[in-house]
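>
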Amino acid sequence: MSKKKLNLEILTVKQLAEYLQLDEHTIYRLARKGEIPALKIGAEWRFKKDLIDKWIEEESLKTFLNKKI
1018 MSKKKLNLEI
1028 LTVKQLAEYL
1038 QLDEHTIYRL
1048 ARKGEIPALK
1058 IGAEWRFKKD
1068 LIDKWIEEES
1078 LKTFLNKKI
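Whatever position you read off the sequence shown (first residue = 1), add 1017 for our numbering.
1) In the DSSP assignment, the beta strand (DSSP E) including residue 1056 goes from what residue to what residue?
2) Output the distance between the C-alpha atoms of residue 1061 and residue 1048, rounded to the nearest integer angstrom.
3) Mind checking whether residue 1064 and residue 1039 have CB atoms under 8 Å apart?
4) Quick one: what does DSSP say residue 1041 is sitting in, helix, strand or coil?
5) Identify whether residue 1068 lies in helix, strand or coil by the three-state DSSP scheme.
6) Would residue 1050 and residue 1041 be called neighbours here (beta carbons separated by less than 8 Å)?
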């Protein structure tokens, strides 16, 4: 089975920074604070793309709802 079928696309800090159009330092800060779904393996951070996409949707909804209140 391919990684795509298993939905296991794993991103590095650099890849996630490019995907979200953010600075790598911002990604590190969010990961350290537990504000973004992340996994630390040794000294390296990794991010599951499907969890990041879900996080984006949830954060967008929070922002939208806060503006409506």
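Glycine included, each C-beta is placed from N, C-alpha and C at the ideal position. Note that this is a predicted model, so its numbers are computed, not measured.
In short, the structure shows the following:
1) As a first step, residue 1056 must be located in the sequence shown, where it is residue number 39. Taken as a continuous stretch (DSSP letters only), the beta strand (DSSP E) holding residue 1056 covers 1056 to 1058.
2) Taking the sequence shown and counting its residues from 1, one reaches residue 1061 at position 44. Taking the sequence shown and counting its residues from 1, one reaches residue 1048 at position 31. Approximately 11 Å between the Cα atoms of the pair.
3) On the sequence shown, position 47 is the one that residue 1064 refers to. On the sequence shown, position 22 is the one that residue 1039 refers to. Cβ distance not < 8 Å, so residue 1064 and residue 1039 don't count as in contact.
4) Position 24 of the sequence shown, counted from the start, is the residue given in the question as residue 1041. Residue 1041 falls in the helix class under three-state DSSP.
5) By one-based count along the sequence shown, residue 1068 stands at place 51. If DSSP states are grouped into helix, strand and coil, residue 1068 belongs with the helices.
6) Position 33 of the sequence shown, counting from 1, holds the residue named residue 1050. Position 24 of the sequence shown, counting from 1, holds the residue named residue 1041. Result no, Cβ atoms of residue 1050 and residue 1041 do not sit closer than 8 Å.
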